[in-house]
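**Q**
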Amino acid sequence: MQTVDRLFNNVQVFRRVFLLCLFFILQACTERDLQVQMLASQTLDVGLSTPANPTNKVTGIPVSLALPKMAEAASLKAEMFEIENATRDGDIACDSDTNVCSFTVTAASDNGVVASNIRIKLKAGNLNWRGSKRTFSIEEQNLNISIQIVPPTITSFVLKNGDAYSNSLSIPYAVTGDRIAEVYVTEDATCTSGGAWGPATGSVAVLSGEGIKTFYLKAKDAAGNITSCTLSDSIEVDLTPPVITVLSSPSSPGTMTATFSWGLEYSGFASVSLSASDILLSGATLGCTVAVNGTGANRNIVVTNCSGDGAVSVTVKENTAQDEAGNAAGSVVLSPVTVDNTAPAIAITSPAENFQFPTRTQWAPVSGTCSENGRTIAFNWATENIVTCSSGVWSALIDFSSAISVNSVSLTATLTDAVGHSSSVNRTFLLPAVEIFSNLYSFAAVKGGKVITWGEASWGGNSAAVSGEVSTNVVKVASTSIAFAAVKANGSVVTWGDSAAGGSSSAVVSQLSYGVKDVYGTGSAFAAVKVDGSVITWGNSALGGDSSSVSAALVNVKSIVSNTGAFAAMKTDGAVVTWGSASIGGNSSAVASRLSSGVTSVKANDGAFAALKSDGSVVAWGNSTNGSTLPSELVASTNVVKLFNNNFAFVALKADSSIVAWGGGSGGANGGITPTQLTVPGVGVLDVVSSFSAFTAKMDNGSVVSWGNADAGGVAPTEATTAGNIVSVFASQYAFAALTHDGRVIAWGGTGCGNSNCGGLAPTSVTAVGSNVVKIFANRNAFAALKSDGSVVTWGHPSYGGDSSSAAAALSSNVVKIYSTSKAFAAVNSDGTVVTWGDAGYGGDSSAVSAELAP
């Protein structure tokens, strides 16, 4: 029974499932039939078209029909189409994937005339539903195809509105005509390249450059018919603007009254419109007015009435000229001008008003400020060189030697600017009433142009034989060891003293009667340099008095350096000519090629010469023990900046502040051996001072280093080597005296003269703090210190003037300058009084001429 019940329940379940499935199947079928009925009741769209309309084809004109996806393409029959003025070329082909059917037609023709319009009609009807016998309807459709086989007509082709010129490489064009769809414009006369199809109005690019350009044209219509390439138009392409050439410009600065003018020339223009408003001024334009003159191609720009100071820049604006193509001239910057309405400024800043120069024969240094850089400054007295304003300052060496009979001079410095404004400044200076010269044995004082002599009579101390010639107009006096030569204002020379040592110039008297500028001496001969650069010599022929062997070379000489028996003349071209004793430098043939140019200075000791060249190299000649042979450090050196000498040796100061010494006699003992500490680059040597056979270097730290003969000061005391305030060093023959910042003296050496004190032992009156020494003078074996109060303190060998007690009262004040022979001193006071002391035979006693020397 349970089995029967279970079976009955299963049948009931199966029955329910079957009925449910049957329900869903019937529902789906009902929906499909409903959809088919709906489609069958609709009219579906089909797309009848051709890709070529209008067309220039006569045969094979394509026609296509796009059917809906549910349509059965095979149900489309040929009889559903009606075709007028054409025949179908073949069957209708349908693509089942795209459901597009297509065919081609050929236009009908009548006696060669092709139909201009084809009409294709799709009749209304039914198409089958794909995969079913059901149908749906399609409506009637008509397709008209226009056939055009005649090219379009071109009425006109114009470039840039008919202009003759273009200033652009892109040329606008316009084409008119009938049925023109696109045009092809090109510079190719065959219309096959160089262009592109484009609209009837547009722009075409010039392929290259300027000149007359011809463009050719073809056109096509919408059907693709193309005209021939027969129409053209031309235009000249001009990309170059008019050119402005500046023909002339103002040549110099000007004042408010100046007229600045620039000449312009235009070229390549059609019109010029330059006016004053086209001129742009900038800078110092105060008051400036502008005018433009001229016609045609030439114009002048004139600027006047500028009342400011400084540069005025002038610019011609752009667009002041145009050419036929429309190109405009660019702007032009003209050369600027300087307007100067202010007088230059000049001042003398040093020395002060009423400053007394220590000598009237040496070049007097004067300096100041100025406002016109590069301009020359004029003076009412001769100057050593042309003086110019540089970086706002100037300096000059003034020659007051012609002020013979006056003790004050007025210096006028005048600065003139480029436009003619001048400014002057004046300053009065005092000159010594008496100026003293000396040789080894005698003094020669010049006072008011008159020579007064004393000392060893036969060696220059007595000038009575030439008193008439030296009583007026003497400017300066030169000497050998025992003779004098006076140079007068008229350029003549008068000599006296030992005749063999130059005291007699009778052999050359006519040559010395005019034009002499300077006189130089060896120990026994003179050489006079004339204003024309020639040289006259006399005296001991073996020691420089005979220059006949080099007379042809003695031209353009500017100065002469000498030792005891030879001369070295420096020429304006940097060459050096030598004569005199061959063994001590009178013969320089071994180095002649190196002395042919570039020499800037020459030094001499008793037996040799050393020349410094502009490239920093050194040339030496003469006695080998005195330094004619250069040390290895200097053979190839080009960094020497200055040379020094004592009687036996030379010292070269290098650019790195180290030094090299050489010569110095046997073994270099007299200063020819360089202290090791002074060979180090950057050691700080500032200056070198020499005694007879030793040297002292002044260092940048205020100390000194000495070397050479110890008896002549070659060993400095610790006080000097460790000092930090030494400002200058002085020397006698055997001793040194250093002056400190605070006016004290440090002395050493002086043991080689045969006396206990030859200058190396200074008194406390000059060594103590507050000594106020301002300058030190020396003769062979004694010193004389001048203090700030005008008093004089002496020390050293008594017979040489180290003892001045006999003149103590006269030396207590007002002394301004001290001179010396080898064994005596002569001091000049501010009032012109002369005080002498020392060895009477060497000029220490001037009592015989005291009346002449009196103020």
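Just so you know, we're using the numbering used here here: the sequence shown kicks off at 3 and counts up by one.
Every residue gets a Cβ at the ideal spot worked out from N, C-alpha and C, and that includes glycine.
Is it a yes or a no for the segment 754 to 768 touching the segment 793 to 800, going by three-plus beta-carbon pairs under 8 Å?
**A** Taking 8 Å as the limit for Cβ pairs, the verdict is that the segment 793 to 800 does touch the segment 754 to 768.
**Q** Nearest to I728 by alpha carbon, out of N703, S734 and V208?
**A** As a working mapping, residue 728 is identified with position 726 in the sequence shown. The shortest C-alpha separation from I728 is found at N703.
**Q** Would you grab the beta carbon distance between G803 and K825 for me? Rounded to a whole angstrom, and I think it's under 8 Å.
**A** Along the sequence shown, one-based indexing puts residue 803 at 801. Along the sequence shown, one-based indexing puts residue 825 at 823. That pair is a contact at about 7 Å.
**Q** Report the option in N130, F105 and G92 whose CA atom is closest to the CA atom of K71.
**A** Mapped onto the sequence shown, residue 71 falls at position 69. Out of N130, F105 and G92, N130 has the C-alpha closest to the C-alpha of K71.
**Q** If you draw a straight line from the C-alpha of C290 to the C-alpha of W396, how long is it?
**A** As a position in the sequence shown, residue 290 is number 288, starting the count at 1. As a position in the sequence shown, residue 396 is number 394, starting the count at 1. Using only the alpha carbons, I get a separation of about 34 Å.
**Q** What is the DSSP secondary structure of I586, counted as helix, strand or coil?
**A** On the sequence shown, residue 586 is found 584 positions in, with the first residue counted as 1. Three-state DSSP puts I586 in a helix.
**Q** Can you list, in chain order, the residues of its chain with a C-beta nearer than 7 Å to that of K215? Leave out the 5 residues immediately preceding and following it.
**A** The residue labelled residue 215 in the question sits at position 213 within the sequence shown. Answer for K215: E189, V208, S236, I237 and V239, listed in chain order.
**Q** Does the distance from the C-beta atom of V830 to that of V472 stay below 7 Å?
**A** Numbered from its first residue, the sequence shown carries residue 830 at position 828. Numbered from its first residue, the sequence shown carries residue 472 at position 470. Taking 7 Å as the Cβ cut-off, V830 and V472 do not qualify as a contacting pair.
**Q** With the cut-off set at 7 Å, would you say V604 and F611 are in Cβ contact?
**A** Within the sequence shown, the letter at position 602 stands for residue 604. Within the sequence shown, the letter at position 609 stands for residue 611. Yes, they are a contact pair.
**Q** Consult DSSP for A443 and reduce its assignment to one of helix, strand or coil.
**A** In the sequence shown, the residue the question calls residue 443 occupies position 441. It should be noted that the sequence gives Tyr, not Ala, for residue 443. Three-state DSSP puts Y443 in coil, outside helix and strand.
**Q** Excluding five sequence neighbours on each side, which residues of the same chain lie with their C-beta closer than 6 Å to the C-beta of G710?
**A** To locate residue 710, count along the sequence shown from 1; it is residue 708. Here the set comprises N672, G673, S695, A696, F697 and G716.
**Q** Use the C-beta contact count for G92: other C-beta atoms within 10 angstroms, 16 or more gives buried, fewer gives exposed.
**A** Here residue 92 refers to the residue found at position 90 of the sequence shown. Classification for G92: exposed.
**Q** Taking DSSP's pairing of strands, which residues face L283 in a bridge?
**A** Position 281 of the sequence shown, counted from the start, is the residue given in the question as residue 283. L283 pairs with V316.
**Q** Does the Cβ of A860 have 16 or more other Cβ atoms within 10 Å, making it buried, or fewer, making it exposed?
**A** No statement about residue 860 is possible, as the shown extent of the chain runs from 3 to 857 and does not include it.
**Q** Out of F646, G667 and T678, which has the shortest C-alpha to C-alpha gap to D689?
**A** By 1-based counting over the sequence shown, the position of residue 689 is 687. Here the closest residue by C-alpha is F646.
**Q** Specify, as a first and last residue, the run of the alpha helix (DSSP H) that A722 falls within.
**A** Taking the first residue of the sequence shown as 1, we reach residue 722 at position 720. Counting along the chain, the alpha helix (DSSP H) containing A722 begins and ends at T720 to T723.
**Q** Whole angstroms are fine: how far does the CA of V563 sit from the CA of A502?
**A** For the purposes of this step, residue 502 is identified with residue 500 of the sequence shown, where counting begins at 1. For the purposes of this step, residue 563 is identified with residue 561 of the sequence shown, where counting begins at 1. Their backbone Cα atoms lie some 21 Å apart in a straight line.
**Q** Alpha carbon to alpha carbon, how far is N492 from G535?
**A** For this step, residue 492 is matched to residue 490 along the sequence shown. For this step, residue 535 is matched to residue 533 along the sequence shown. Going by the C-alpha atoms only, they are around 17 Å apart.
**Q** Report all residues from its chain with a CB closer than 6 Å to the CB of G470; omit the five preceding and five following residues, and keep chain order.
**A** On the sequence shown, residue 470 is found 468 positions in, with the first residue counted as 1. Excluding sequence neighbours, G470 sits near nothing in its chain.
**Q** In this structure, how does DSSP classify D548 when only helix, strand and coil are distinguished?
**A** Residue 548 sits at position 546 when you count from the first residue of the sequence shown. Here D548 sits in coil by DSSP.
**Q** In the DSSP assignment, what are the bridge partners of Q143?
**A** Locating residue 143 in the sequence shown gives position 141, counting from the first residue. L124, per the DSSP bridge assignment.
**Q** If you drop the 5 nearest sequence neighbours on each side, which residues of the same chain put their C-beta closer than 6 Å to that of V510?
**A** Taking the first residue of the sequence shown as 1, we reach residue 510 at position 508. Only I538 and W540 meet the Cβ criterion.
**Q** Per DSSP, what are the beta-bridge partners of R90 in this structure?
**A** Taking the first residue of the sequence shown as position 1, residue 90 is located at position 88. V107.
**Q** Let me confirm a value: K490 is counted as buried when at least 16 other C-beta atoms fall within 10 Å, else exposed. Which label applies?
**A** If you number the sequence shown from 1, residue 490 lands on position 488. Answer is buried; the Cβ neighbour count reaches 16.
**Q** Could you check where the alpha helix (DSSP H) with L741 kicks off and where it finishes?
**A** Here the question's residue 741 lines up with position 739 in the sequence shown. Careful: L741 lies outside any alpha helix (DSSP H), inside the beta strand (DSSP E) at A737 to T742.
**Q** Suppose the cutoff is 8 Å on Cβ atoms and the five residues either side in sequence are ignored; what does the same chain contact list for L9 look like?
**A** Along the sequence shown, read from residue 1 onward, the residue named residue 9 stands at position 7. Low per-residue confidence applies at L9: pLDDT is 45, beneath 50, and the placement is therefore not dependable enough to give any value.
**Q** Return the residue from the list S148, I149 and G127 that minimises the CA-CA distance to I140.
**A** If you number the sequence shown from 1, residue 140 lands on position 138. Nearest C-alpha to I140: G127.
**Q** Let's see if you can read the secondary structure: which residues bound the beta strand (DSSP E) around V477?
**A** Within the sequence shown, residue 477 is the residue found at index 475, counting from 1. It spans V476 to S481 - the beta strand (DSSP E) in which V477 sits, taken as one unbroken run.
**Q** With DSSP collapsed to three states, give me the class of S564.
**A** As a position in the sequence shown, residue 564 is number 562, starting the count at 1. Correct three-state label for S564: strand.
**Q** In the DSSP assignment, find the unbroken alpha helix (DSSP H) run with E635 in it and report its ends.
**A** As a position in the sequence shown, residue 635 is number 633, starting the count at 1. First-last of the alpha helix (DSSP H) with E635: S634 to V637.
**Q** Alpha carbon to alpha carbon, what distance is there between L67 and N144?
**A** As a working note, residue 144 is residue 142 in the sequence shown. As a working note, residue 67 is residue 65 in the sequence shown. The alpha-carbon atoms of N144 and L67 are separated by roughly 12 Å.
**Q** Taking only three categories from DSSP, how would you classify Q513?
**A** Taking the sequence shown and counting its residues from 1, one reaches residue 513 at position 511. DSSP places Q513 in coil when its eight states are reduced to three.
**Q** According to DSSP, which residues form a beta bridge with Q324?
**A** Taking the sequence shown and counting its residues from 1, one reaches residue 324 at position 322. S273 and A330, per the DSSP bridge assignment.
**Q** Please name the residue or residues paired with T371 in a DSSP beta bridge.
**A** Taking the first residue of the sequence shown as 1, we reach residue 371 at position 369. DSSP, once it has assigned bridges, lists A349 and V395 as partnering T371.
**Q** Mapping DSSP to helix, strand and coil, what is T796?
**A** Walking along the sequence shown from the start, residue 796 turns up at place 794. T796 falls in the strand class under three-state DSSP.
**Q** Using the C-alpha atoms, what's the distance from A183 back to V274?
**A** Counted from its first residue, the sequence shown places residue 274 at position 272. Counted from its first residue, the sequence shown places residue 183 at position 181. V274 and A183: Cα-Cα distance of roughly 45 Å.
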